[in-house]
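Peer 1: Count along the sequence shown from 1, add 216, and you get the number used in this note's numbering.
Every residue gets a Cβ at the ideal spot worked out from N, C-alpha and C, and that includes glycine.
Computed from a predicted model, the values in this text were never measured in an experiment.
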Amino acid sequence: MKNLAFATIVELKQKLENKEITESELLSFFLNRLEKHNPELNAAIEVFDKDSIDKQSRQQGTLSGIPGLIKDNISQENRKLTAASKILDGYTATYDSTVTSRLKRQGALLAGRANLDEFAMGSSTETSAFGTSKNPWNLEYVPGGSSGGSAVAVAAGLVPWALGTDTGGSVRQPAGFCGIMGLKPTYGLVSRHGVIAYASSLDQVGIFARSAHDTAIVLSALAGQDVRDSSTLSVQKKDYTQTLDGSIKSGMTIGLIESMINAEGVDSEVHGVINQAVKDFEKLGVTVKKISLPILDYAASAYFIISRAEAASNLARFDGVRYGLRKRKTDGLEKMYNQTRHDGFGLEVRDRILVGNFVLSAGHSADFYQNAQMVQRMIRKDLDQAFTQVDLLLAPTQPAGAFKIGAYDKQNKLQMDLQDYFTCFVNLSGNPGMSVPGGFTADKLPIGFQLVGPHLSEGLMLQTAHAYQQVTDWHKKHPEQFVESE
Ligand code: GLN
């Protein structure tokens, strides 16, 4: 029997259907994997015990008996919720987020809470109050972030799927670093009710999985309008596996974003992966042509400003009164607020709140925030225009393979912020973006490439990635250290 740890959802469903394994055995198998490997990988902040998972109310559906992990900024009823921050110490979620309840409705087993950068702010999980997650391909390297724990769990075969959130690249970049699929859906396709907000005009829940097909199964469970989140679009629920027939849309054209390929600092190994992906797509009958989108050079700066501004507003609610931590209970309200926020938030989060308040402040907002919004509108316009010429866009996900833990500290913080360079334009425009495993560095660290599509083109993106995965096997490579014979 093929190693169960790295089986796809499709394969696991088949095994359950054929009665080769029971749901209870499958859950025990993955809980054992988590128990064995989580201490060294730090993928999950908490792994739930089997009894409490068994007691989860759930129905039968497309994910019946398939375990997965949820990033710990997404509410699960009666479970702790920390956003990897000390400020939520002692807080327990009182309700299920919409994505949590939709997964339960499809029969999924939710096995724990995945580690992340504090409040999803970071690109490495190093800002987590619960320690850094480790890249399973090399434990000295970061897995990317902010949804690093979710990516690690899938890449190391601890669960077959996981949820993350993506505000500037937090699903796609760790998916690239860990060698798995990562999808950020169109803004408004998936509900954020019950998800801790970072930057509300950019946040989306995203999916980690082993293949395009598995991603389609999880997306089908999540997507669709939600009365509890008025930013969701009025789209009908649909089955995203329907278009996965191995073919490519006829007459398909992919635009290679020229400036991103030529951007300073892009590693030659990333060039190699992009060139190979282009050749593979051409073999599949796709026309690949270069496309110029100079406005994207400004995306990272605009993202930096907008995300900090919205974060400052969203994080105002953590004041020691409503949630979690409370300091100096008797010393006056003002001091209690200050002390709680000072002790509760980590440095990166405090830094962003300060920057956010500054860029919104009187006298500065025209220079910063309003300019950034103008760039955002131009990105939207230019992308809409690009999609009149091509069906999808192709770009790097990451400038290079994963970096070493501790490599980008306070001295070279810019390097950390530049991790968002290739991914954040998609959040600014609301388009769907997906990282697909496409190769490795000479040191055996994964490299992903990114497909970006028009609004609500997830069906086409997944169809294209699925066809690519029929003729390539990058998504089937696993870190040897975690592949064991059963
Ligand atoms: N690295 C980005 C940031 O730190 C992305 C975060 C995210 O998408 N949540 O802001």
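Measuring alpha carbon to alpha carbon, tell me which residue in VAL358, ALA439 and GLU233 is nearest SER407.
Peer 2: Residue ALA439 is the option with its Cα nearest to SER407.
Peer 1: How would you write the range of the beta strand (DSSP E) that MET594 sits in, first residue to last?
Peer 2: Premise fails: MET594 lies in the alpha helix (DSSP H), 587 to 602, not in any beta strand (DSSP E).
Peer 1: Please tell me whether, using a cut-off of 7 Å, the distance from the CB of THR381 to the nearest non-hydrogen atom of ligand 1 is below it.
Peer 2: yes
Peer 1: Report buried or exposed for SER291, applying the criterion of at least 16 other Cβ atoms within 10 angstroms of its Cβ.
Peer 2: Buried, by the Cβ-count rule.
Peer 1: Three-state secondary structure (DSSP) at ILE237?
Peer 2: Note: ILE237 maps to coil in three-state DSSP.
Peer 1: Locate the alpha helix (DSSP H) running through ALA428, then write down its first and last residues.
Peer 2: 428 to 438
Peer 1: Let me know the secondary structure DSSP gives GLU334 once reduced to three states.
Peer 2: helix
Peer 1: Among residues of its own chain, excluding the 5 on either side of GLU696, which ones have a beta-carbon nearer than 8 Å to its beta-carbon?
Peer 2: none
Peer 1: Three-state secondary structure (DSSP) at MET217?
Peer 2: At MET217, the pLDDT of 40 sits below 50, so the modelled position is not reliable; the number obtained from the coordinates is stated separately. Three-state DSSP puts MET217 in coil, outside helix and strand.
Peer 1: In whole angstroms, give me the CA-to-CA distance for SER344 and GLY562.
Peer 2: So the two alpha carbons sit approximately 8 Å from each other.
Peer 1: Would you grab the beta carbon distance between ALA260 and GLY373 for me? Rounded to a whole angstrom, and I think it's under 8 Å.
Peer 2: Not a contact, Cβ separation roughly 14 Å.
Peer 1: From THR310, SER363, GLU293 and GLN275, pick the residue whose C-alpha is nearest to that of LYS320; which is it?
Peer 2: GLN275
Peer 1: Round the Cβ separation of TYR553 and GLY536 to the nearest angstrom and send it over; I've been treating them as touching at under 8 Å.
Peer 2: 6 Å
Peer 1: Checking the sheet assignment: what are the DSSP bridge partners for ARG378?
Peer 2: With the sequence shown as reference, residue 378 is identified as Ala, and Arg is not the correct amino acid for it. Answer is LEU285 and PHE424.
Peer 1: For the alpha helix (DSSP H) that contains ALA309, what are its first and last residues?
Peer 2: Where ALA309 is concerned, there is no enclosing alpha helix (DSSP H), given that its DSSP letter is neither H nor E.
Peer 1: Should GLN697 be listed as close to ligand 1, given that the test is whether its C-beta is under 7 Å from any heavy atom?
Peer 2: no
Peer 1: Grouping DSSP H, G and I as helix and E and B as strand, with all else coil, what is ARG566?
Peer 2: helix
Peer 1: At a cut-off of 7 Å, would you count GLU251 as near ligand 2, judging by its Cβ distance to the nearest heavy atom?
Peer 2: As far as ligands go, the structure on display features ligand 1 and does not contain ligand 2.
Peer 1: On the CB-based measure, 16 or more other CB atoms within 10 Å of its CB, does ASN331 come out buried or exposed?
Peer 2: buried
Peer 1: Judging by CA-CA distance, which residue of LEU418, LEU500 and LYS231 is the nearest neighbour of TYR684?
Peer 2: LEU500
Peer 1: Assuming GLU526 is part of the alpha helix (DSSP H), what are its boundary residues?
Peer 2: Looking at the DSSP string, the run of the alpha helix (DSSP H) that includes GLU526 is 515 to 530.
Peer 1: For ASP445, which residues in the same chain have their Cβ closer than 8 Å to its Cβ, ignoring the five residues on either side in sequence?
Peer 2: THR314, SER407, ARG408 and HIS409
Peer 1: Do you know offhand how far THR308's Cα is from ILE412's?
Peer 2: 13 Å
Peer 1: Return the bridge partner residues of LEU326 from the DSSP annotation.
Peer 2: GLY284
Peer 1: Compare the Cα-Cα distances from THR457 to each of LYS231, THR680 and LYS692 and report the closest residue.
Peer 2: Comparing Cα positions, the closest option is THR680.
Peer 1: Excluding the 5 residues preceding and the 5 following PHE574 in the sequence, name in chain order all residues of the same chain whose CB lies nearer than 7 Å to its CB.
Peer 2: HIS580
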